[in-house]
Amino acid sequence: MNPDNYNGPERREFRRLAYTKPLSYKICKQETVSKILEGYTSNVSPSGLLCNLNNRVNEGDILWLSFEKDILNICAELEKRSLIYQNGILGKVARIDDKVDGSFDVGVCFITREEKNISNIYPETYFLKARFEREKK
93 MNPDNYNGPE RREFRRLAYT KPLSYKICKQ ETVSKILEGY TSNVSPSGLL CNLNNRVNEG
153 DILWLSFEKD ILNICAELEK RSLIYQNGIL GKVARIDDKV DGSFDVGVCF ITREEKNISN
213 IYPETYFLKA RFEREKK
């Protein structure tokens with residue numbers, strides 16, 4: 093469904109803020125966590141963001157996202173709700189749309205501190221933590 097053609101009631105809990113800025117991210121998997129990838133944010137809300145990435149990710153992937161969150165009006169809400177690690181926010185890929193230019197519009201839902209099944213996130217974020225600790229040495 094094309095969101096531009098949707099005429100039904102708004103179902104989002106939070107309003108989206110148009111915000112196009114550079115974004116760095118890592119895919120929290122053992123084979124990819126050492127690679128810092130680049131993209132752009134498109135819009136952001138306290139519960140997630142839409143970004144444009146050149147590298148394919150999969151629905152359900154856990155991403156470590158680093159962007160200029162300190163200048164956002166919703167920063168305080170992000171800090172209260174989100175799981176923040178190494179100055180980045182952890183999020184889960186909710187949807188992927190292929191674009192004509194070969195890039196991908198990726199919807200990411202921020203992982204919150206209140207996640208009911210946060211233990212399932214541990215195996216994927218473990219690799220991220222281990223990599224950061226090795227880089228410090």
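Using our numbering, read the sequence shown as starting at 93 and increasing by one per residue. Glycine residues also receive a C-beta, built at the ideal position from the N, C-alpha and C atoms. Everything numeric in this text was worked out from a predicted model, so none of it was measured.
First through last residue of the beta strand (DSSP E) which encompasses Leu155: 154-158
Same chain only: Cβ atoms within 8 Å of Glu151, ignoring 5 sequence neighbours per side: Val185, Ala186, Arg187, Ile188
For Lys172, the three-state DSSP class (helix, strand or coil): helix
With 16 other Cβ atoms within 10 Å as the buried cut-off, status of Ile119: buried
Local conformation of Tyr132 per DSSP, three classes: strand
For Lys127, the three-state DSSP class (helix, strand or coil): coil
Bridge-paired residues (DSSP) for Ala110: Asn135
Inter-residue spacing [alpha-carbon to alpha-carbon] between Thr133 and Asp197: 9 Å
Assigned secondary structure, Arg187 (DSSP; H/G/I helix, E/B strand, else coil): strand
Local conformation of Ile203 per DSSP, three classes: coil
Cβ-Cβ separation, Tyr117 to Leu129 (assumed contact under 8 Å), whole Å: 5 Å
Inter-residue Cα distance where the pair is Asp193 and Leu157: 23 Å
Cβ neighbour criterion (16 or more within 10 Å) applied to Cys201: exposed
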